[in-house]
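S.K.:
Number of protein chains: 2
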Amino acid sequence: MVTTTARDSDLASALVQTMHRLQDLHAETSRPLGLTPQQAHLLCVLITGPLGMTELSRILSIERSSLTSMVDRLERRDLVARVANPADRRACRIELTPAGKDLAHQCHDAVVDRIATLTGDLPAATRTTLTTALKSILTQ
Amino acid sequence: MVTTTARDSDLASALVQTMHRLQDLHAETSRPLGLTPQQAHLLCVLITGPLGMTELSRILSIERSSLTSMVDRLERRDLVARVANPADRRACRIELTPAGKDLAHQCHDAVVDRIATLTGDLPAATRTTLTTALKSILTQ
DNA sequence: TATTGTTATACTCTATAACTATA
DNA sequence: TATAGTTATAGAGTATAACAATA
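Just so you know, the protein sequences line up as chains H and S, in that order. Number 21 in the UniProt record's numbering belongs to position 21 of the first sequence; there are no gaps in the numbering. Number 84 in the UniProt record's numbering belongs to position 84 of the second sequence; there are no gaps in the numbering.
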């Protein structure tokens, strides 16, 4: 059906543009805090608790070897620490230091604030629909 | 108001997660085509016509000096070309070669297909609401 | 003087392949 | 043998500062 096809690509296009807009916004909020967007993402993922290298690499969608050097750099700045895992001597767990935790929360709050500003003009009903729709997309 | 605050951060959180999901999807569709996500973005931006370095750097949100090396690499692969701008001898215009145009369209179509699959289960009314809401966010 | 684009330099991000240590 | 994480290496993305050519 022609109408449906047009509407699908409109939505896809809007989602792609939104992705780029949010990437920029994410970079703009990370930079003044002295972080790359990737570093900010890593720190924010650790807010809910320490993670092993393999699990963290899966969440961030990067290779473990790439993660090693990222963690090296953050550890040098005392933002994260490698902690031994008593249950498995091969493994370690990456956790936020107090300074890292503070910075992670600053990042998180700054991004949420910026996005809240962007979406503030939407009617409550639209925000609810949007949230529900996005969540359903994410669970696929 | 507590309820509004909670709803705002839910939406912000859903948008951030969607951004990351779409970034992964974008990387996954670019890679088999032999492109990084940034290269794919650059090629797709040029689909609508040639652009100067300054304008292109603004659209991609990167410094002109960073763009120079990206264009160098794509030019070496004959995907883009630097064309002289007769109106201004300092400037050049970056345009897609036939191979670049082909690849750009492949990228674009692949991403739209993947996203259409993700959003295919949403009711038509929700898709419309979503599209309208995202467009209104983007114009801010 | 201002603008367009490039060069030089230094980091960061990323993947692949090979490796060590432990399970 | 399989898994957790690292090392070595190479290439790509990015910013800052300084520059050449043209407007």
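Virtual Cβ for every residue (Gly too), placed ideally from N, Cα, C. Predicted model only: the values in this text are computed from it and were never measured.
Spatial neighbours of residue 60(S) within its chain, please: CB distance less than 8 angstroms, with the 5 preceding and 5 following residues excluded, ordered by chain position.
M.R.: So the qualifying residues of the chain are 38, 41, 42, 45, 67.
S.K.: Looking only at C-alpha atoms, which of 79(H), 55(H), 135(H) sits nearest to residue 33(H)?
M.R.: Nearest of 79(H), 55(H), 135(H) to residue 33(H), Cα basis: 79(H).
S.K.: Using C-beta distances below 8 angstroms, list every residue in its chain close to residue 108(S), excluding the 5 sequence neighbours before and after it, in chain order.
M.R.: Taken in chain order, the residues that qualify are 44, 47.
S.K.: On a Cα-Cα basis, can you pick out the residue from 136(S), 125(S), 134(S), 113(S) that is closest to residue 26(S)?
M.R.: Measuring from the Cα of residue 26(S), the nearest candidate turns out to be 113(S).
S.K.: Hey, residue 94(S) and residue 82(S) are a contact pair by Cβ (cut 8 angstroms); roughly how many whole angstroms apart?
M.R.: 6 angstroms between Cβ atoms; contact.
S.K.: Taking 7 angstroms as the limit between beta carbons, can you name the residues of its chain near residue 99(S), skipping five residues before and five after?
M.R.: Excluding sequence neighbours, residue 99(S) sits near 78, 79.
S.K.: Any chance you could list the beta strand (DSSP E) runs of at least 3 consecutive residues sitting entirely within the UniProt domain "HTH marR-type" (8 to 139) of chain S, in chain order?
M.R.: The UniProt domain "HTH marR-type" (8 to 139) of chain S contains these whole beta strand (DSSP E) runs: 80 to 84, 92 to 96.
S.K.: Using the Cα positions of residue 54(H) and residue 17(S), report the straight-line distance between them to the nearest angstrom.
M.R.: So the alpha carbons of these two residues sit roughly 20 angstroms apart.
S.K.: What residue from 92(H), 62(H), 86(H) has the CA that sits closest to residue 23(S)'s CA?
M.R.: Measuring from the Cα of residue 23(S), the nearest candidate turns out to be 62(H).
S.K.: Taking residue 135(S) as the query, report the chain H residues whose CB atoms sit under 7 angstroms from its CB, ordered along the chain.
M.R.: Chain H residues near residue 135(S): 14.
S.K.: From residue 97(H) to residue 30(H), what does the alpha carbon distance come to, in whole angstroms?
M.R.: When rounded, the distance between both Cα atoms is 18 angstroms.
S.K.: Within the 7 angstroms Cβ cut-off, does residue 70(S) reach chain H?
M.R.: No, because no Cβ of chain H sits closer than 7 angstroms to the Cβ of residue 70(S).
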